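According to the working numbering, the stretch in the sequence shown is residues 142 to 445, in order. All residues carry an ideal CB built from backbone N, CA and C; glycine is no exception. If you're wondering where the values come from, they're calculated on a predicted model, not measured in any experiment. A short write-up of the structure that comes next.
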Amino acid sequence: MAEKPGSIDDTLALLKGAGYVADRPLATVLFLSLRLGRPLFLEGEAGVGKTEIAKVLSSALGRRLIRLQCYEGLDIASAVYEWNYAGQMMAIRLAEAGGAVDRDALEGDLFSERYLVKRPLLQALEPDKAGAPVLLIDELDRTDEAFEAFLLEVLSDFQVTIPELGTVRAAHPPIVIITSNRTREIHDALKRRCLYHWVDYPDAERELAILASRVPDAPERLSQEIVAFVQAIRREDLFKAPGVAETLDWASALVELDAVALDPALVSDTLGVLLKYQDDIQKMQGSRAKEMLDRVQDALRASG
142 MAEKPGSIDD TLALLKGAGY VADRPLATVL FLSLRLGRPL FLEGEAGVGK
192 TEIAKVLSSA LGRRLIRLQC YEGLDIASAV YEWNYAGQMM AIRLAEAGGA
242 VDRDALEGDL FSERYLVKRP LLQALEPDKA GAPVLLIDEL DRTDEAFEAF
292 LLEVLSDFQV TIPELGTVRA AHPPIVIITS NRTREIHDAL KRRCLYHWVD
342 YPDAERELAI LASRVPDAPE RLSQEIVAFV QAIRREDLFK APGVAETLDW
392 ASALVELDAV ALDPALVSDT LGVLLKYQDD IQKMQGSRAK EMLDRVQDAL
442 RASG
């Protein structure tokens, strides 16, 4: 288990050592989150690296990563706990088959930890020899407001209440990272319990550094053209601009194709790796892709 970083520079170095190239504002809010013990709420477009922050932090600090993937209809049974009803029914039948039944003792046994199925939020409150885990509550905007309201107790006091057992409180609060793609607004009551940061698309310099870190086999010229092209395409009127994840996927695909530089045919043939909607692909194929690529390559030659 590694120590938490002692400064913003240490936080930058910690992330970089685990392969995440962060900017200083992100490192600052992450450092403060760790120091103050406050959840960190990250918003931004899909694919900009929000979820990856929790994964990298878990790896860098040597802490267990507990992930709660949110979705519409998520409830307490899936997020916190549920009882092993099949096991409880079996215990009741065995007790009845055995004759005399002490109902109070049986009820106490049925609603004990023996039959408790622990889900991510409850797991995150348990003690861990490696230190408090990293709890990732991913894509909170996919849930409804009722579940969001339930989270207030967890984020305020790091505890949950189980009617049959009482209140379970964390001796050492987990490191909490919450992400949202902002498909809906999260209520202020939850945001107030967190530190907040908007994770934006990186500038060309940082995206090139990310690409060098994650796809080191990509030739330098190809990497420069990929980043310049992606930066340009994000300024287009698309249904969904490519995120950093798509940049990395595209670079990996082009390396597999033994590309050393971009050409119009290669761009058109591989747009399905970079763009995820057919309307966007059709808009950028053919002459449009060639026009953009020509501009990108001219700009790179002029700057080089």
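(request) Provide the residue span of the alpha helix (DSSP H) that contains Tyr226, from first to last. (result) Tyr226 to Ala238
(request) Go ahead and pull the three-state DSSP assignment for Lys259. (result) strand
(request) Using only the heavy atoms of the ligand NAD, determine whether one of them is closer than 6 Å to the beta carbon of Leu398. (result) In the structure shown, the ligand NAD is absent, as is every other ligand, since no ligand is present at all.
(request) Answer with buried or exposed for Gly188, where buried requires no fewer than 16 other C-beta atoms within 10 angstroms of its C-beta. (result) buried
(request) Measure from the alpha carbon of Thr320 to the alpha carbon of each residue in Val340, Gln423, Thr302 and Arg333, then state which is nearest. (result) Residue Val340 is the option with its Cα nearest to Thr320.
(request) For the beta strand (DSSP E) holding Arg208, just list the boundary residues, first then last. (result) Leu206 to Gln210
(message) Between the alpha carbons of Phe252 and Leu306, how many angstroms are there, rounded?
(response) 7 Å
(message) Rounding to the nearest angstrom, what Cα-Cα distance links Ala400 and Ser393 in this structure?
(response) 10 Å
(request) Grab me the residues of Leu171's own chain with a C-beta within less than 6 Å of its C-beta, minus the 5 sequence neighbours each way, in chain order. (result) Thr152
(message) Can you give me the C-alpha to C-alpha distance between Leu293 and Glu213, rounded to a whole angstrom?
(response) 18 Å
(message) I'd like to know whether the C-beta atoms of Leu336 and Leu181 end up nearer to each other than 7 Å.
(response) yes
(message) So, with DSSP's three-state summary, where would you put Ser393?
(response) In this structure, Ser393 counts as helix in the three-state DSSP scheme.
(message) Considering only the alpha carbon of each residue, which of Pro304, Phe291 and Arg205 lies closest to Trp224?
(response) Pro304
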